[in-house]
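Protein sequence lines correspond, in order, to chains H and C. Using my numbering, read the first sequence as starting at 3 and increasing by one per residue. Using my numbering, read the second sequence as starting at 47 and increasing by one per residue. By construction, the Cβ of each residue, glycine as well, lies at the ideal position given by its N, Cα and C atoms. Just so you know, these numbers come straight off a predicted model, no measurement behind them.
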Amino acid sequence: MAIIKLSETKLQELKEVCKSFNNDKGELINVLHKAQSIFGYLPAEVQEVIAKELNVSVAHVYGVVTFYSFFTMTPKGEHPISVCLGTACYVRGAEKVLEEFRRILKIQVGQTTPDGKFSLSCLRCVGACGLAPVVMVGEKVYGRVSPDGVKDIVAEYRN
Amino acid sequence: MELVKLTIDGKETEVEKGTTILQAAKTVGIDIPTLCFFELKDMHIENRPGSCRICVVEVQGRRNLAPACTTRADNGMVVKTHSIRVLNARRTVLELILSDHPAECLTCPKAGNCELQKLAEQLGVREIPYQGAQSTYRKDTSPAIIRNVDKCIMCRRCEMMCNDVQTVGALSAVNRGFMAVVAPAFEMNLEKSPCTYCGQCVSVCPTGALTEVDHSRNVINVLADPEKTVVIQTAPAVRAALGEEFGLEPGTLVTGKMVAALKRLGFDYVFDTDFAADLTIMEEGSELLDRLTRYLKGDKSVRLPILTSCCPGWVNFFEHQFPELRDIPSTAKSPQQMFGPVAKEYFAKKLGIDRKNMIVVSVMPCVAKKYECQREEFKMNGDPDVNYSITTRELAHLIKQSNIDFMALPDEEFDAPLGESTGASVIFGTTGGVIEAACRTAYEVYTGKKLDKVDFNQLRGFENIRHATIDFDGLPINIGIAHGLGNARKLLEDIKEGRNHFHAIEIMACPGGCIGGGGQPYHHGDSEILKKRAAALYREDANKPIRKSHENPFIIELYKEFLGKPLGEKSHQLLHTHYFDKSASVFIEE
Ligand code: SF4
Ligand code: SF4
Ligand code: FES
């Protein structure tokens, strides 16, 4: 087993979650969802614990984690950036905006910058289509973002 | 039983309801090609993901082509298995698979046995029209198995074997789409996973994605070294399968030809692992009786049942998955590993040579034996008791490479003294055989009486889990047998829960036992082949003049001259081992 370096309270919470699903292997995806909301991501140790609790192989848990793009094994950055790729945003050039974030931060979607500051993900419609294209940094919403505006947004959170 | 009538390629047939089109077609002599589908009948082994679509057929009245391996036959169905539409679709599917497959057939270790290659030939693929990026992965080499997943076609047969049949859970499908492969957790190396090296994934992989580590080069090199005395030992199950590699009917015994071939390859002494199997019975059987008599006398510290320990895949399994039970298997080494020290500590001394100048090679039906002989505890001052272990398949290659016309070889005899064996040791190669051999000896030693009949038919067969009670002259001995690690798990869980009433249990990791080992000629899902191999071993046993291990004159001699007595000090030192808790060695690389 991996050397567990997870916080004891969160670990307890995770075990409670498994129990609430009767430690049923059929509930693996639901357990993973809950686990990701507890830890923010699904590190190897968490997957090991879940495998043990639900009595499935770690390889299987990892298989499910890597199959669904919703699950991530990298911790979110201090400032998680989400670019909306819903229809309205897409039509108004969200993809170029995303491309610019990738270029400036030098990371792909689903990754976190090495300093842990930023992570990048995409979203499907946040319900602010009037402001398209929309970008969220943490809880803060930015509307009508153009590729040129990306570096200013990033600069706001650097240092 | 409800029957349904259907027409396939103009031929009418009647089959049981629930039968697939694939099976129904077989009844009228039509062989629909398949790729992901795999089964071993009567062993409850089946892979039917319906994902590759190679087996598509046209069903009248349906818009889409239907996969024959998953579609059930129905009344009045009209099926076409080779219409132009079907042939084109099938070829396109194959071309798409091939477009992401390295074209390395000339140098692929699976060449000649590859199901993908065979399909390409059968369907007449002459070019691959789809050119695009190919997915690439790092190659993963463990002590026994190589994963070259560039060649993986995602049939997931290996995953089925590792999870459903063996319940090891080392492999799973990971990632999605283009990047999807079968891999251990976190894509770590197999060596770091709970893999047992049973090799069952290797034996079902249709392509060269999973293969054994090839040691035949090393063997060629030592054979060419004049300084070395090279000794070979051959496992029981090899003689019942090697012939298949030379086109012989499955179940043909080629013991004599195999010996002749090994002599021509240049081995200085051709010995038999069967000899060491007789030795194993002496040690393991004595251990069983020792535990049993102490138990009957009321000694509460005795652990029963005793579990056999000849199978290295099984040893790896309990070390990883049931380390808390590691004090119940017999401490007797496997025959391969008993042979090593007897050759290097006894026979080498007799010859007056240093053990470093003796090379011991084994031919095994097994992939896990490659790992077993590399274990640290089986070395003396760094020198392994067994230097190299090659599979039945590797031996066949060596013979072919050396221009030996196998079929033209005469039958020759093993060399003395480590080539002499009894019928009891021959059946070590099939499920139930080890415990039958043990019973023959334990019965006579315990009761002091001669057995009227040495065949214990109640221990034979292919049922997944079997039990039988053997009457030891008034004392009923309860025996359990499991082959396949999933079945072993069931017995172990019973032991853990205290629900078990067995005195002795035999476990072999591979379905059918060693005859179905991961290093045997590929059976391509034909369970009849396994049955024929087992029958061959029972035949060889029946034809042996001596059929009980303790009557082997060379074994008696070995104890007199060298070992002393079973479980004695020397035996303990050379022929017994101990087990480790490996549950912690499944670790994660950051
Ligand atoms: S060798 Fe056996 S245990 Fe290892 S991955 Fe293959 S099937 Fe699983
Ligand atoms: S490794 Fe072989 S058996 Fe496993 S999914 Fe890939 S092709 Fe199939
Ligand atoms: S063999 Fe039928 S879908 Fe693969």
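For residue i, the first and last residue of its enclosing alpha helix (DSSP H)
| i | result |
| --- | --- |
| Y70/H | Premise fails: Y70/H is in no alpha helix (DSSP H) and is neither H nor E. |
| N267/C | S262 to L269 |
| R184/C | Run containing R184/C: none; DSSP gives neither H nor E here. |
| N362/C | P358 to Q367 |
| M206/C | R203 to M206 |
| T654/C | A query on residue 654/C cannot be resolved here, the shown segment of chain C reaching from 47 to 636 and no further. |
| R160/H | Careful: R160/H lies outside any alpha helix (DSSP H) and carries neither H nor E. |
| R131/C | I130 to S145 |
| L334/C | T319 to L342 |
Option in the options with minimal Cα separation from residue i
| i | options | result |
| --- | --- | --- |
| R151/H | T115/H, E102/H, S59/H and A90/H | A quick correction: the sequence has Gly, not Arg, at residue 151/H. It is E102/H. |
| E48/C | I374/C, N221/C, D55/C and T65/C | T65/C |
| G158/C | T253/C, I130/C, T127/C and G245/C | T253/C |
| S188/C | E552/C, E370/C, K415/C and S595/C | K415/C |
| E290/C | S617/C, E597/C and R579/C | R579/C |
| T116/C | T80/C, L133/C, R137/C and E574/C | T80/C |
| K197/C | S380/C, H147/C, A389/C and R401/C | H147/C |
| G475/C | A270/C, N235/C and L299/C | L299/C |
| R585/C | T468/C, V268/C and G559/C | T468/C |
| R401/C | D429/C, K126/C, L334/C and C204/C | D429/C |
| D77/C | A114/C, I266/C, S347/C and V105/C | A114/C |
| I18/C | A582/C, G565/C, G532/C and L140/C | Nothing can be reported for residue 18/C, as the shown portion of chain C is limited to 47 through 636. |
| D627/C | L371/C, M200/C and D517/C | L371/C |
| Y183/C | A190/C, V220/C, I174/C and E161/C | V220/C |
| V99/H | Q38/H, K153/H and G118/H | K153/H |
| L537/C | V348/C, I602/C, A483/C and T354/C | T354/C |
| A283/C | K577/C, L169/C and K274/C | K577/C |
| A61/H | A470/C, M453/C, M206/C and L464/C | M206/C |
| L140/C | C98/C, K156/C and G215/C | C98/C |
| D517/C | Y489/C, A281/C and I511/C | Y489/C |
| E29/H | T89/H, V66/H and V137/H | V66/H |
| S239/C | L441/C, N362/C, K611/C and V409/C | N362/C |
8 Å Cβ cutoff, residue i in contact with chain H
| i | result |
| --- | --- |
| A534/C | no |
| P230/C | yes |
| D627/C | no |
Neighbour flag for residue i against chain B, beta carbons, 8 Å
| i | result |
| --- | --- |
| C151/C | As a matter of chain content, chain B is missing from the structure shown, whose protein chains are H and C. |
C-beta neighbour in chain C for residue i, strict 8 Å
| i | result |
| --- | --- |
| A37/H | no |
| Y64/H | yes |
| F69/H | yes |
| A130/H | no |
| A134/H | no |
| A96/H | no |
| A157/H | no |
| A90/H | no |
| L13/H | no |
Limits of the unbroken beta strand (DSSP E) element including residue i
| i | result |
| --- | --- |
| F518/C | I511 to F518 |
| F84/C | F84 to L86 |
| E637/C | For chain C, the structure presents residues 47 to 636; residue 637/C sits outside this window and is missing. |
| K57/C | K57 to E62 |
| K144/H | Correcting the residue identity first, residue 144/H is Tyr in this sequence and not Lys. Here the beta strand (DSSP E) through Y144/H covers K142 to Y144. |
| M123/C | M123 to K126 |
(request) For the segment 437-480 of chain C, list the beta strand (DSSP E) runs that are entirely contained and at least 3 residues long, ordered along the chain. (result) The segment 437-480 of chain C contains no whole beta strand (DSSP E) run of 3 or more residues.
(message) For the segment 199-222 of chain C, list every residue whose C-beta sits within 7 Å of some C-beta in chain H, in sequence order.
(response) N209, G215, A216, L217, S218, A219, V220, N221 and R222
(request) Could you please tell me which residues of the segment 397-427 of chain C, in chain order, have their CB closer than 7 Å to any CB of chain H? (result) none
(request) Please name the residues in the segment 48-63 of chain H whose beta-carbon is closer than 9 Å to at least one beta-carbon of chain C, in chain order. (result) Taking 9 Å as the Cβ-Cβ cut-off against chain C, the residues of the segment 48-63 of chain H that qualify are Q49, E50, A53, V58, S59, V60, A61, H62 and V63.
(request) Mind listing, in chain order, the continuous beta strand (DSSP E) runs of no fewer than 3 residues lying wholly within the segment 267-314 of chain C? (result) 275-280
(request) Within the segment 521-555 of chain C, note down every full beta strand (DSSP E) run reaching 3 residues or more, in order along the chain. (result) Qualifying beta strand (DSSP E) stretches, in chain order: 521-529 and 550-554.
(request) Note down, one range per segment and in chain order, each alpha helix (DSSP H) of at least 4 residues found wholly within the segment 64-122 of chain H. (result) 89-93 and 96-107
(request) Please go through the segment 220-264 of chain C and give each complete alpha helix (DSSP H) segment of 4 or more residues, from N-terminal end onward. (result) 246-250
(request) Could you tell me which uninterrupted alpha helix (DSSP H) segments, each at least 4 residues in length, are contained entirely in the segment 560-588 of chain C, listed from first to last along the chain? (result) Those alpha helix (DSSP H) runs which fall completely within the segment 560-588 of chain C and span 4+ residues are 573-588.
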